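There are 2 protein chains.
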Amino acid sequence: MEYPSKYIEKAVEEFSKLPGIGKKTALRLVLHFLGENEHFSESFANSITSLSNIQECPTCHMVSDLEGCTCGPEKKDRSILCVVDDLRDVLAIQSTNQYHGLFHVLGGVISPIDGITPDKLHIDSLVKRVTAKDSEIKEVLLALPSTMEGETTVFYIARKLKEQAVKISTIARGVPIGSELEYTDEVTLGRSIMERVAYNTAQ
Amino acid sequence: MEYPSKYIEKAVEEFSKLPGIGKKTALRLVLHFLGENEHFSESFANSITSLSNIQECPTCHMVSDLEGCTCGPEKKDRSILCVVDDLRDVLAIQSTNQYHGLFHVLGGVISPIDGITPDKLHIDSLVKRVTAKDSEIKEVLLALPSTMEGETTVFYIARKLKEQAVKISTIARGVPIGSELEYTDEVTLGRSIMERVAYNTAQ
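Residue numbers (this note's numbering), protein chains in the order written: chain U, 1 to 203; chain Y, 1001 to 1203.
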C-alpha cells in the first residue's frame, strides 16, 4: 500500500512490529492519532519512552519502579513463594485475590528446542532465595503452564529443592468453573478424576 | 488490576485510549516493549511524535508531508475527481489500481444527529475546486458509504454541482465478487438487479 506520508508509513511500520498488530490495524491506530491533538500523541509517546525507567528486581525478577519492588517487606505472607513463567501470570494471580504471598518470576520455562536451558532462567536465584538463612519460606507453589515445557520445569525445580525443608505444590488442574463436562478435553477431565478432592459433608 | 509499576500503568492507560484496544491487549503490547531494547521503544515513540509533521493539504484535504501533497501536478488523470469520506478510503481505492485520478476528502458525511452539518465538511472547497477557472475536472465520482448519511451527502453534493458542466457518478453497488447470491442481503441484491449492466457479447 502506498501511504500519503512517510511519517504515516514509519508509524505504521513501528506499530506492526507489536504482537498481533497487522498493517491494517496499525494504519487504523496511526490515523487515530491524526484525528487527535498534539498533546495526545506526545503523552502517548512519553508513556512509551518512560518505560525505560522500569527495572528488574534482583530478588524476585519482577519489574518494578526505581522506588522499590513489591517483594519488599510490607504486609505479605512471606511463608509462601509462587513461581511463575512471566509477569502477566503475576498480574493474573494477583487479580484472583486468593494469593497474598511472594512471587518469583522465572522469565520462561525450560525448552531446550528453543535454546532455553535451565541456566537461562532465574532458577539458581530461586534456589538461593529458598535456601537463604533468613528465608521464611515454608512452601513453594509452582504455578507454571501445563505444557510439556511447563511440566519439565516443575520436575526440574522440584528435584532442585528436594533436599530443602519446604513443601512443594502445584496449582490444581481440572475442569474450569462454569464448564460443561462433555466439552472438557479428556486429559483435563481424566486429571480432574485422578486428583479428586474430598467433599466436606460438614459444610 | 494492580500494576507492578506506575510506568506500566500509564502506558497501558495510553494504549487503551486507541480504538479497539482494551486493557488486556494494552498490557500485552506494553509488556512487549519491556522485552525489547531501549532503541525499540525510542524508535516507536519518535514515529508517533513525528506524526505532528503531517499537514492537511488545503486543496484536497488529504494528509501530506511538508514537501507537498499527492494532488500535485505529476502523472495524474486530472479530469476525474473522486470524493471520499476519509483518508482510509483514499488508500483503499488507491490499492485497487483501478483509479488514477484526483481525490477530495470530505472529512465525514452529513449527519445532523451527530452535529455534522454540510458546513463542517469540505464541501464548499469541493465546489470551489470544481468551479475553478483552471479546473480540468470533467467527472466527479462520489465514492461515499452506502449508509443513510452517505446517501444524503451524495444527494446534497449532486444538488450543489447540478449547474456545473461536470458528470456526476457514484461507485457501483451490487453483489461482491466471490459472494453467493443466496447469502447477499435483499437490498444489495435488489440494487444489483435494478442497476444491471449490459453484457458485452463481443468479448
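By construction, the Cβ of each residue, glycine as well, lies at the ideal position given by its N, Cα and C atoms.
Only a predicted model underlies this, so the values are computations on that prediction, with no experimental measurement involved.
Counted within 10 angstroms of its Cβ, other Cβ atoms place residue i as buried (16 or more) or exposed
i: K6/U; result: exposed
i: K1017/Y; result: exposed
i: K180/U; result: Residue identity differs from the one stated: residue 180/U is Glu in this sequence, not Lys. Exposed, since its Cβ has fewer than 16 Cβ neighbours within 10 Å.
i: K10/U; result: buried
i: E195/U; result: exposed
i: F155/U; result: exposed
i: A45/U; result: buried
i: T1153/Y; result: buried
i: A1165/Y; result: exposed
i: H1061/Y; result: buried
i: A198/U; result: exposed
i: I1193/Y; result: exposed
i: A1026/Y; result: buried
i: Q182/U; result: Looking at the sequence itself, residue 182/U is Glu, so the reference to Gln does not match. The residue is exposed, with fewer than 16 neighbouring Cβ atoms inside 10 Å.
i: E1014/Y; result: buried
8 Å Cβ cutoff, residue i in contact with chain U
i: S1041/Y; result: yes
i: I1008/Y; result: yes
i: I1093/Y; result: no
i: E1014/Y; result: yes
i: P1176/Y; result: no
i: V1083/Y; result: no
i: D1077/Y; result: no
i: D1134/Y; result: no
i: M1148/Y; result: no
i: V1063/Y; result: yes
i: L1018/Y; result: yes
i: F1155/Y; result: no
i: I1054/Y; result: yes
i: A1165/Y; result: no
i: A1011/Y; result: yes
Min CB distance residue i to chain Y below 8 Å
i: T143/U; result: Sequence inspection shows Ala at residue 143/U; the Thr mentioned does not correspond to that position. Not an interface residue.
i: A198/U; result: no
i: R88/U; result: yes
i: E2/U; result: yes
i: L102/U; result: no
i: P58/U; result: no
i: N97/U; result: no
i: A158/U; result: no
i: M194/U; result: no
i: S169/U; result: no
i: S179/U; result: no
i: A45/U; result: yes
i: A214/U; result: Residue 214/U cannot be examined here, being either before or after the span of chain U that is shown, 1 to 203.
Beta-bridge partners of residue i, as assigned by DSSP
i: E169/U; result: The residue asked about is misnamed: residue 169/U is Ser in this sequence, not Glu. S169/U pairs with L141/U.
i: F1040/Y; result: Beta-bridge pairing links F1040/Y to no other residue.
i: G1107/Y; result: Bridge partners of G1107/Y: none, in fact.
i: S179/U; result: Beta-bridge pairing links S179/U to no other residue.
i: E1056/Y; result: V1063/Y
i: G101/U; result: D77/U
i: C69/U; result: DSSP, once it has assigned bridges, lists no residue as partnering C69/U.
i: I1116/Y; result: S1111/Y
i: V1083/Y; result: H1104/Y, L1142/Y
C-beta neighbour in chain A for residue i, strict 8 Å
i: S50/U; result: The chain inventory of the structure shown lacks chain A, comprising the protein chains U and Y.
Within 8 Å, strictly: CB atoms of residue i and residue j
i: I1110/Y; j: A1143/Y; result: no
i: F1033/Y; j: S1043/Y; result: no
i: T188/U; j: G174/U; result: yes
i: L51/U; j: L81/U; result: no
i: L141/U; j: V83/U; result: yes
i: I1048/Y; j: I54/U; result: no
i: P1145/Y; j: D1185/Y; result: no
i: S1079/Y; j: E1136/Y; result: yes
i: V1063/Y; j: P4/U; result: yes
i: L87/U; j: L1031/Y; result: yes
i: T1059/Y; j: R1129/Y; result: yes
i: E139/U; j: S95/U; result: no
i: I123/U; j: I157/U; result: yes
i: R28/U; j: P1176/Y; result: no
i: H100/U; j: K76/U; result: yes
| field | Residues, ordered as in the chain, of the stretch 109-130 of chain U that lie near chain Y by beta-carbon distance below 7 Å | value | none
| message | What are the residues in the stretch 27-40 of chain U lying within 8 Å of chain Y by C-beta distance? | response | L27, R28, L29, V30, L31, H32, F33, L34, E38, F40
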